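Before any comments, here is the structure.
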Amino acid sequence: MLLKKHAAQTGHEVTLEVTHHGPYIETPCLFVELGSTEKEWVNAEYARVVADTILDFLDHPNTDSCRIAVALGGTHYAPNIVKCIGRAGIATSHICPKHALQHLSKDMLRQAIEKTKERVDFVLVDWKGLGGEKARIKDMLAELNLEWKRTDKI
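The numbering used here applies: residue 41 is where the sequence shown begins, and numbers increase by one.
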């Protein structure tokens with residue numbers, strides 16, 4: 041993860057947040073948040089790390105070395121998904137958290153995959169983070185003939 045490389049000298053934690061806007065936005069976009077308090081928002085060093093990361097990515101947008109996944113399950117900051125990204129060369133597009141899985145339909149999952157700019161290689165599943173939706177999600181993935189991998193097996 042490029043941001044982790046740039047943030048290494050700050051000692052600040054790098055996380056992901058799950059998708060907040062569904063696959064509804066037509067233009068590819070990325071939301072970047074610099075902390076969650078004024079302490080982080082006014083820190084010029086942290087802002088520089090984020091800006092340098094964005095510029096580095098725009099100058100070298102190589103995703104060829106990553107496997108692209110849509111992710112399902114887990115909490116708001118997706119810690120199990122973040123671990124997989126760090127150790128397995130995975131990049132995620134949409135992440136549907138546990139609390140929103142009850143609203144996830146086959147059509148919405150299909151849209152999340154189709155609206156990802158890069159080709160999605162598989163669905164990354166936080167198995168423990170699916171809660172009571174395990175059987176339904178497993179059936180949905182089978183019906184859509186989607187390859188999927190568990191975070192605890194990567």
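C-beta: ideal position from N, C-alpha, C; glycine also.
Note that the structure is a prediction, hence the values are computed from the model and not measured.
{"Item": "Given that a residue counts as buried once 16 or more other Cβ atoms are within 10 Å of its Cβ, and exposed if not, what is P101?", "Value": "exposed"}
{"Item": "Have a look at S76 and E57 and give me their C-alpha separation to the nearest angstrom.", "Value": "12 angstroms"}
{"Item": "Buried or exposed: where does H134 fall if 16 or more other Cβ atoms within 10 Å of its Cβ makes it buried?", "Value": "buried"}
{"Item": "Please name the residue or residues paired with W188 in a DSSP beta bridge.", "Value": "V163"}
{"Item": "Just verifying my parser: in three-state terms, what is the DSSP assignment at V110?", "Value": "strand"}
{"Item": "Taking Cβ positions, are D161 and R127 nearer each other than 7 angstroms?", "Value": "no"}
{"Item": "Measuring only the C-alpha atoms, how far is F97 from I130?", "Value": "16 angstroms"}
{"Item": "Can you grab the Cα-Cα spacing for the pair H139 / L186, in whole Å?", "Value": "22 angstroms"}
{"Item": "Tell me whether T50 sits in a helix, a strand or coil according to DSSP, three-state version.", "Value": "coil"}
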